[in-house]
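Protein sequences appear in the order of chains A and B. In this text, residue positions in the first sequence follow the numbering used here: the first is 1, and each later residue adds one. In this text, residue positions in the second sequence follow the numbering used here: the first is 1, and each later residue adds one. These notes are about the structure you will find just below.
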Amino acid sequence: MHEYHFSAGVIATAGVLLSFAVLSVYVSRRYLPARMKSAYLKSITALAAAVETKDSGTIGHAKRVAQLTVDLARRLGVEGRELERIEYAALLMDMGKANVPQRLLNKSEPLTPEEWEVLKSHPRLSAEMVAAVPFLADLEDIVLHHHEYWDGTGYPDGLAGEAIPLASRILCVAADYDAMISERPYHPRPLTPQEAAGEIRKGAGTKYDPRVAEVFLDMLAADRQTPEQALAA
Amino acid sequence: MQDKLRPYKIATAFLCTAAAGIVLVTWYKVPLVGNPWPAVVQFVILATFTELMAVGLNEYEGVSVSPTGPIFWAATCVLGPLPAIVISVTSAVVSMSVKCACFYLSRGFEERSDDHQESRLVKTIHRLARDIGATWQSRPLGVAILYVAWYLACVVADVGPAGLFYYYLGGRFLMDPGSDFRVVSNFGLPFVGLVAVSTAAHVAEYAIVTAAADPIQGAHGLYGVLLRMRLAVIETALPLVKGQIFLSVVALLLAYLYSQIGVLGFVLAITPVLALRDFFSQWVEERAAYLNTITTLATYMQHYHPYTRGHLKRVADLSERLARELRLPVESIRFMNAAGFLHDIGKIGVSEEILDKPAQLNDEEWAKIKEHPVKGAEIIGHLEFLEGIVDWIKYHHKWYNGSGYPATNGDGSEIPIEAAIIATADAFDAMTDDRELSLEWKCDSCGLQVEDGRRPVFCPRCGAEKRRRYREPKSLDEAIDELRRGAGTQFHPRVVKAFLAMVERDGIKLNA
Numbered sequence: 001m002h003e004y005h006f007s008a009g010v011i012a013t014a015g016v017l018l019s020f021a022v023l024s025v026y027v028s029r030r031y032l033p034a035r036m037k038s039a040y041l042k043s044i045t046a047l048a049a050a051v052e053t054k055d056s057g058t059i060g061h062a063k064r065v066a067q068l069t070v071d072l073a074r075r076l077g078v079e080g081r082e083l084e085r086i087e088y089a090a091l092l093m094d095m096g097k098a099n100v101p102q103r104l105l106n107k108s109e110p111l112t113p114e115e116w117e118v119l120k121s122h123p124r125l126s127a128e129m130v131a132a133v134p135f136l137a138d139l140e141d142i143v144l145h146h147h148e149y150w151d152g153t154g155y156p157d158g159l160a161g162e163a164i165p166l167a168s169r170i171l172c173v174a175a176d177y178d179a180m181i182s183e184r185p186y187h188p189r190p191l192t193p194q195e196a197a198g199e200i201r202k203g204a205g206t207k208y209d210p211r212v213a214e215v216f217l218d219m220l221a222a223d224r225q226t227p228e229q230a231l232a233a
Numbered sequence: 001m002q003d004k005l006r007p008y009k010i011a012t013a014f015l016c017t018a019a020a021g022i023v024l025v026t027w028y029k030v031p032l033v034g035n036p037w038p039a040v041v042q043f044v045i046l047a048t049f050t051e052l053m054a055v056g057l058n059e060y061e062g063v064s065v066s067p068t069g070p071i072f073w074a075a076t077c078v079l080g081p082l083p084a085i086v087i088s089v090t091s092a093v094v095s096m097s098v099k100c101a102c103f104y105l106s107r108g109f110e111e112r113s114d115d116h117q118e119s120r121l122v123k124t125i126h127r128l129a130r131d132i133g134a135t136w137q138s139r140p141l142g143v144a145i146l147y148v149a150w151y152l153a154c155v156v157a158d159v160g161p162a163g164l165f166y167y168y169l170g171g172r173f174l175m176d177p178g179s180d181f182r183v184v185s186n187f188g189l190p191f192v193g194l195v196a197v198s199t200a201a202h203v204a205e206y207a208i209v210t211a212a213a214d215p216i217q218g219a220h221g222l223y224g225v226l227l228r229m230r231l232a233v234i235e236t237a238l239p240l241v242k243g244q245i246f247l248s249v250v251a252l253l254l255a256y257l258y259s260q261i262g263v264l265g266f267v268l269a270i271t272p273v274l275a276l277r278d279f280f281s282q283w284v285e286e287r288a289a290y291l292n293t294i295t296t297l298a299t300y301m302q303h304y305h306p307y308t309r310g311h312l313k314r315v316a317d318l319s320e321r322l323a324r325e326l327r328l329p330v331e332s333i334r335f336m337n338a339a340g341f342l343h344d345i346g347k348i349g350v351s352e353e354i355l356d357k358p359a360q361l362n363d364e365e366w367a368k369i370k371e372h373p374v375k376g377a378e379i380i381g382h383l384e385f386l387e388g389i390v391d392w393i394k395y396h397h398k399w400y401n402g403s404g405y406p407a408t409n410g411d412g413s414e415i416p417i418e419a420a421i422i423a424t425a426d427a428f429d430a431m432t433d434d435r436e437l438s439l440e441w442k443c444d445s446c447g448l449q450v451e452d453g454r455r456p457v458f459c460p461r462c463g464a465e466k467r468r469r470y471r472e473p474k475s476l477d478e479a480i481d482e483l484r485r486g487a488g489t490q491f492h493p494r495v496v497k498a499f500l501a502m503v504e505r506d507g508i509k510l511n512a
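Shown next as structure tokens:
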């Protein structure tokens, strides 16, 4: 009968095999989820950017809003999975515009009531799109309500106050701010950051959640202050 | 009626004869070492277990070689080729029977699971049976026998020559009490032999099956077979060699461990395999979810016309079927569906006025339309894991003879076959699509729907002009004629050929 030896070669081989096993378990538990998350973010950003090519005024809008929203949400104490959801929602909120005719998006004269209806359908279109994907389905509410105003004058459902999801209220402030400071067909020139901040202040309590608006203005002020300005003040 | 299985029957008979020859040569030329039969039983158990555990993985990860391959090679190194052949055939038969049984078992579960509240144990068994049975298909007895014979012959044709080479290149069977372990003679040379022989076996298998099923037009007899062989080498050998090298290292390690510490070596060797399986299944799941997410989003982005979704889905399905028919690598087949859904994504930046213009387009508008493959490729270049399909999208409006757009310097040889597949599927669907004829009339600008079957030229509510013209779709025969006429100029002849074969065999549903 054959004789078995536990020689140095066997022990070395066993060591290699076992460490390989441990490594692959580590990779699938730790590395893989992080890798997938970056893949999702990168690809969804790219798709959002593709939609923005339809509407020349909004290039980079989603990406900037996502950045603003994440910063703002962090300051409001949102973290973990919830913060991740807000980031995805910011990237996806205007995807529905893919199905709004380009003519409407780029029109500089006022829209007719019918055209307004079509344009106002975009949160619903985005929400439908998001709901169709199992991985993103829990963002449906946030995306659907990102044009609702605090006093109930927004669309599509006219929700007011706390009935609007917090994430949507955050998105609304960030998206409006970014729209104000960018070139858009519907305003003659972009506002300066100071003017836009003034508009947000004016809207606090009517259009925007007062607490969110306040934190947002604080954030802008903190960002704007360079060390020299801080010294001068 | 023509027997559609005939080429497969010929190929199977050919391979079975070769396998029988290999067994005979092995029987007379290579002596048995000691009493290998207890070890044979251990190897059979290990191989069957691995085969059942690895079910489904090779479908996804492009592992084009059976995961049991290294176990059979290890058996060759330890016991010699004849016992290895016995092991491979026995474990193949056992694992196929188990798969078949699981297939019918899981079907039984499905039939009764609706009205029963199943316990957890039953659910687990059901899931296991479904996974294991998934690779088995219900087929007529004759086809099943053909399939089994083919499979067994393939296994013998791989393991037998590998063992003979190992022996003649100076590899010593590790069960041989007189053999002391030497790196070069036991591992170095036989390693080269294993890789070379098994790659050759797989290429030959591919060549036989394609030569029998899909002979090259105008090249008959031996010349045609040789041409096929050349294609087979180009298409399969290179991707295979990488996998074979990895698997032969695994095989030699397994052989070494088994010769030193027996069954315990199996346990040691199987741990990383289990861990890898865990990793792969998670990876496969994550990536499927990812692909699904991206394609769903991208498809919704193209929903401006209600019919686009149907068109995209049909192009995706048809492209995938064509890729399978052409036996493209697993990697290509996996992304074909996504590519079908994404191929027109570049149109997102082209305004609807141009896309829908009923009149002749002017040069500027044409230039805009012609940009869409390049723009689409650009968008896809930013999507993670889809780098490989960028060229498929970029060239899906190029003709086989090099005309079409975008303009390139090449003569058409730069177009990947996947792009040619998408082009064919896209053209076929556009020809046969009944588009808006089957849809409710809907205004392009205000979205008003007229549901009483009228098709007014101007919208009754907002007065906008209806932009789409109506066009009668072609019948299946007309569309096929068109493809046949375009083969060699507009369409890739191999793709058209595969298309015709597929339609003849399985039929095709228009506007499904």
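Built from N, CA and C at the ideal position, the CB exists for glycine as well. Computed from a prediction, not measured in an experiment: that's the story for all the values here.
Within the segment 390-408 of chain B, no residue has its Cβ closer than 8 Å to any Cβ of chain A.
As DSSP reads the structure, residue 60(A) sits in no beta bridge.
Considering only beta carbons, the part of the segment 73-95 of chain A lying closer than 9 Å to chain B consists of 92, 95, in chain order. With 16 or more other Cβ atoms inside 10 Å of its own Cβ, residue 91(A) counts as buried. Minimum Cα-Cα distance from residue 416(B) among the listed residues 431(B), 398(B), 428(B), 386(B) corresponds to 398(B).
Residues 54, 55, 97 of the same chain have their beta carbon placed closer than 7 Å to that of residue 105(A), with the five preceding and five following residues left out of the count. By the C-beta density criterion, residue 81(B) is buried, having at least 16 other C-beta atoms within 10 angstroms. When CB distances to chain B are screened at a threshold of 7 Å, the residues of the segment 114-127 of chain A falling below it are 114, 118, in chain order. The Cβ atoms of residue 24(A) and residue 275(B) sit closer than 9 Å to each other.
Taking a contact to require three or more Cβ pairs closer than 8 Å, the segment 248-260 of chain B and the segment 22-38 of chain B do not qualify as touching.
In this structure, the alpha-carbon of residue 193(A) lies about 42 Å from that of residue 308(B).
The criterion of a C-beta distance shorter than 9 Å is not satisfied by residue 410(B) and residue 400(B).
Residue 282(B) and residue 52(B) have their C-alpha atoms roughly 18 Å apart.
Close partners of residue 345(B) in chain A (Cβ separation under 9 Å): 47, 50. Taking a beta-carbon distance threshold of 9 Å, residue 300(B) counts as an interface residue toward chain A. Excluding the 5 residues flanking it on each side, residue 214(A) has same chain C-beta neighbours closer than 7 Å at 204, in chain order.
Cα atoms of residue 433(B) and residue 44(B): separation of roughly 54 Å, rounded to the nearest angstrom. Comparing C-alpha distances from residue 335(B) to each of 237(B), 362(B), 284(B) shows the shortest one belongs to 284(B). Inter-residue distance for residue 77(B) and residue 31(B) is about 13 Å (C-alpha atoms, whole angstroms). Here residue 324(B) has 333 as same chain residues with Cβ atoms under 8 Å from its own Cβ, once five neighbours each way along the sequence are excluded.
The beta carbon of residue 129(B) lies closer than 6 Å to those of 102, 105, 106 in the same chain, with the five residues before and after it left out. By the Cβ criterion, the segment 128-148 of chain A is not in contact with the segment 185-200 of chain A, since fewer than three pairs of Cβ atoms, one from each stretch, lie closer than 8 Å. Annotated three-state conformation of residue 67(A) is helix, per DSSP.
Classified as buried, residue 378(B) has 16 or more neighbouring CB atoms from the shown chains inside 10 Å of its CB. In the three-state reduction of the DSSP assignment, residue 101(B) falls in the helix class.
Taking the beta carbon of residue 103(A) as reference, the chain B residues within 9 Å of it are 351, 352, 353, 445, listed in sequence order.
Residue 395(B) sits in coil when the DSSP states are folded into three classes, being neither helix nor strand.
Residue 16(B) and residue 150(B) have their alpha carbons spaced roughly 7 Å apart. Listed along chain A, no residue sits closer than 8 Å to residue 489(B) by beta-carbon distance, the nearest being about 33 Å off. Taking 9 Å as the cut-off, the Cβ atoms of residue 49(A) and residue 170(A) do not count as close. Of all residues in the segment 168-180 of chain A, none places a beta-carbon less than 8 Å from a beta-carbon of chain B. With a threshold of 9 Å between beta carbons, residue 282(B) makes contact with chain A.
When CB distances to chain A are screened at a threshold of 8 Å, not a single residue of the segment 128-140 of chain B falls below it.
Residue 69(A) has a beta carbon lying at 9 Å or more from every beta carbon in chain B. Rounded to the nearest whole angstrom, the CA to CA distance from residue 25(B) to residue 160(B) is 9 Å.
Close partners of residue 71(B) in chain A (Cβ separation under 8 Å) are lacking, with about 15 Å as the shortest Cβ gap.
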